[in-house]
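S.K.: Structure incoming, see below.
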Amino acid sequence: MIDLDETDRALLRAFARDSTQSAGALGRKLGLSQPAAWRRLKRLRDCGAIARQRVDLDVAALGFGVTVFLGISLAAKGRVSLADFERAVSAIPEVQTVQHVLGLYDYRLRVVARDLSDFERILRRRIMTLPGIGAVDANVLLSEERLPGPL
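So for the sequence shown, this note's numbering puts the first residue at 3; every next one is plus one.
Pasting the structure below:
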């Protein structure tokens, strides 16, 4: 576990809200100099507290108005390798996340589509033809709230 002080936590919260901020801008918000903020960010990256930076795309603005969460149960555990399933499902561009889970399902997928008929096409032609696919349960996303992390 990484030893964080309150300044590190505040820096991570501010950085998580907007990772495009410069070390100088973050430092000004937290009462640190630009070099001090930069050193802290570098240390947090080096120790793994900041794993990566990425862009959150507005999928609705890009024409993908439907998000569906799928619970996937594999039909023949052992006959189809998990790696084969993961490789095949990861090749579907509409699948945003693939989560191997413990519980009712083997996998949980987040899938985006232009509309429900587009989702049906993806489901029938791409998802249901995956190696080892068994039962599929779908939940359509109605709304989503991004909650701050545990810091």
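No residue lacks a Cβ here, since even glycine has one placed at the ideal position from N, Cα and C.
Can you tell me which residues form a DSSP beta bridge with phenylalanine 71?
M.R.: Bridge partners of phenylalanine 71: Arg112 and Asn141.
S.K.: Between which two residues does the alpha helix (DSSP H) harbouring threonine 9 extend?
M.R.: Run containing threonine 9: 8-19, per the alpha helix (DSSP H) assignment.
S.K.: Kindly give me the distance between the Cβ atoms of alanine 140 and leucine 72, rounded to whole angstroms, as I take these residues to be in contact under 8 Å.
M.R.: That pair is a contact at about 5 Å.
S.K.: When you compare each of Cys49, Pro37, Val57 and Asp48 to threonine 22 by their alpha carbons, which one comes out closest?
M.R.: That would be Val57, whose Cα lies nearest to the Cα of threonine 22.
S.K.: Please report the residue range of the beta strand (DSSP E) in which valine 97 lies.
M.R.: Segment 97-102, the beta strand (DSSP E) holding valine 97.
S.K.: DSSP state of leucine 76, grouped into three classes?
M.R.: In this structure, leucine 76 counts as strand in the three-state DSSP scheme.
S.K.: When DSSP builds the beta bridges, which residues end up paired with isoleucine 4?
M.R.: Partner(s): none; isoleucine 4 has no beta bridge.
S.K.: For my contact list, isoleucine 74 and aspartate 120 are in at a C-beta cut-off of 8 Å; report their separation, rounded to the angstrom.
M.R.: Contact flag wrong, Cβ pair sits at about 19 Å.
S.K.: Where do the N-terminal and C-terminal ends of the alpha helix (DSSP H) with glycine 134 fall, by residue?
M.R.: Note, glycine 134: premise wrong, no alpha helix (DSSP H); not H, not E.
S.K.: If distances are taken between C-alpha atoms only, which option among Leu125, Glu146 and Leu144 comes closest to valine 138?
M.R.: It is Leu125 whose Cα lies nearest to the Cα of valine 138.
S.K.: Within 10 angstroms of its Cβ, does threonine 69 collect 16 or more other Cβ (buried), or is it exposed?
M.R.: Looking at its Cβ environment, which holds 16 or more other Cβ atoms inside 10 Å, threonine 69 is buried.
S.K.: Can you tell me whether serine 35 is helix, strand or coil according to DSSP?
M.R.: Serine 35 falls in the coil class under three-state DSSP.
S.K.: Grab me the residues of methionine 130's own chain with a C-beta within less than 8 Å of its C-beta, minus the 5 sequence neighbours each way, in chain order.
M.R.: Excluding positions up to five away in sequence, the list reads Val138.
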